[in-house]
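Novice: Structure provided below as structure tokens; questions to follow.
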Amino acid sequence: MATLQEILQWCNDTLKTQEFKDYAPNGLQIEGRSEVKKILCAVTASQEAIDAAIAQQADLLLVHHGYFWKGEPYPITGMRGKRIKTLIQNDISLVAYHLPLDSHPILGNNAAIAEILELENIEALDASERHPIGNIGYLKQAISPEAFKEILTERLGFNTIHLNANKKTIQKVGFCTGAAQDFIGKAAEQLCDAYISGEVSERTYYEAKELDVHYYACGHHATERYGVQRLGQAISEQFNLEYSYFELNNPI
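Letter by letter, the sequence shown follows residues 1 to 252 in our numbering.
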């Protein structure tokens, strides 16, 4: 058992949350029980994830996508109101980490992608960032764009969308999980052969062709289900707590 505040302090220090300018609050978003025995991890604080936390008698729901995003309406009503009401009624804390969990060099979503794809010599996609959100890595040997798509589809468990460029082989790869398709321009500036993210936009089709960077959309959910699991396991080991992961295979 650990206190909620002990867990929050450790997470905030580990992820250096105060050093990020984010689109939503990182850390505690809804306060529940002061003592934590079990944590449930999920990518997004959906109603199904909340119901799973209740069913598993979790004290804390740890997610990558929480609430209170910039631009959201202030009133807590409708779907979001129901979610928050359910958490409060069941005394379950909601803890969310967004950009800090993308960028962490060990626990982060991008770090996980690099390991899964066996990318080497990892560097920043944007060297001006104190904590780079995107990265560049290198395949051990150059392969065809078609072969790389097969690897992505198999290892990430998502039917990868490939937008073709002119390059015949791929070795230098830029990547940033989630909805970071617009970083393809940064990948082009760094002379990457390919760029990976989660989502894709209509404009990305033309950018891939004109910037000559192969683009691979591997799913927002599929590319961001690793960080919360790594963080949950790290918390479990640090405080000797039980944790589990709730997978809702979002096809987007």
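Note that CB positions come from ideal geometry on N, CA and C, so glycine has one too.
For Glu35, collect the residues of the same chain with a Cβ closer than 8 Å to its Cβ; drop the 5 residues on either side in sequence, then sort them by chain order.
Specialist: Around Glu35: Met1, Ala2, Thr3, Leu4 and Asp59.
Novice: Mind checking whether Gln89 and Leu139 have CB atoms under 9 Å apart?
Specialist: In this structure, Leu139 does not lie closer than 9 Å to Gln89 by Cβ.
Novice: For Leu99, collect the residues of the same chain with a Cβ closer than 7 Å to its Cβ; drop the 5 residues on either side in sequence, then sort them by chain order.
Specialist: Correct list, in chain order: Phe20, Asp22 and Ile133.
Novice: Are Asp193 and His162 close, meaning C-beta to C-beta below 9 Å?
Specialist: No, the Cβ-Cβ distance between Asp193 and His162 is not below 9 Å.
Novice: Could you tell me the alpha carbon to alpha carbon distance between Asn249 and Thr223, rounded to whole angstroms?
Specialist: Whole-angstrom Cα-Cα distance: 11 Å.
Novice: What do you get for Asp102, buried or exposed, if any count of 16 or more other CB atoms within 10 angstroms of its CB means buried?
Specialist: The residue is buried, with at least 16 neighbouring Cβ atoms inside 10 Å.
Novice: Whose C-beta lies closer than 7 Å to the C-beta of Gln9 among residues of the same chain, with five residues either side of it excluded?
Specialist: Excluding positions up to five away in sequence, the list is empty.
Novice: Can the beta-carbon of Val228 be found closer than 9 Å to that of Val43?
Specialist: It is a contact, given that the beta carbons lie within the stated cut-off.
Novice: Can you tell which of Gln18, Lys37 and Ala24 has the C-alpha that lies nearest to the C-alpha of Ile7?
Specialist: With distances taken between Cα atoms, Ile7 lies closest to Lys37.
Novice: Could you compute how far the alpha carbon of Gly219 sits from the alpha carbon of Lys149?
Specialist: Their Cα atoms are separated by approximately 13 Å.
Novice: Name the one or two DSSP bridge partners that Glu123 has.
Specialist: Partner(s): Ile136.
Novice: When you compare the CB positions of Val95 and Leu15, do they come within less than 9 Å of one another, or not?
Specialist: Taking 9 Å as the Cβ cut-off, Val95 and Leu15 do not qualify as a contacting pair.
Novice: Straight-line CA distance for Glu63 to Gln190?
Specialist: Checking the sequence, you will find Val at residue 63 rather than Glu. One C-alpha to the other measures close to 32 Å.
Novice: Would you kindly report the start and end of the unbroken beta strand (DSSP E) that includes Phe239?
Specialist: From DSSP, Phe239 is part of no beta strand (DSSP E) but of the alpha helix (DSSP H) over Gly227 to Phe239.
Novice: Helix, strand or coil: how does DSSP classify His98 here?
Specialist: Coil.
Novice: How is Lys37 classed by DSSP in three states: helix, strand or coil?
Specialist: In this structure, Lys37 counts as coil in the three-state DSSP scheme.
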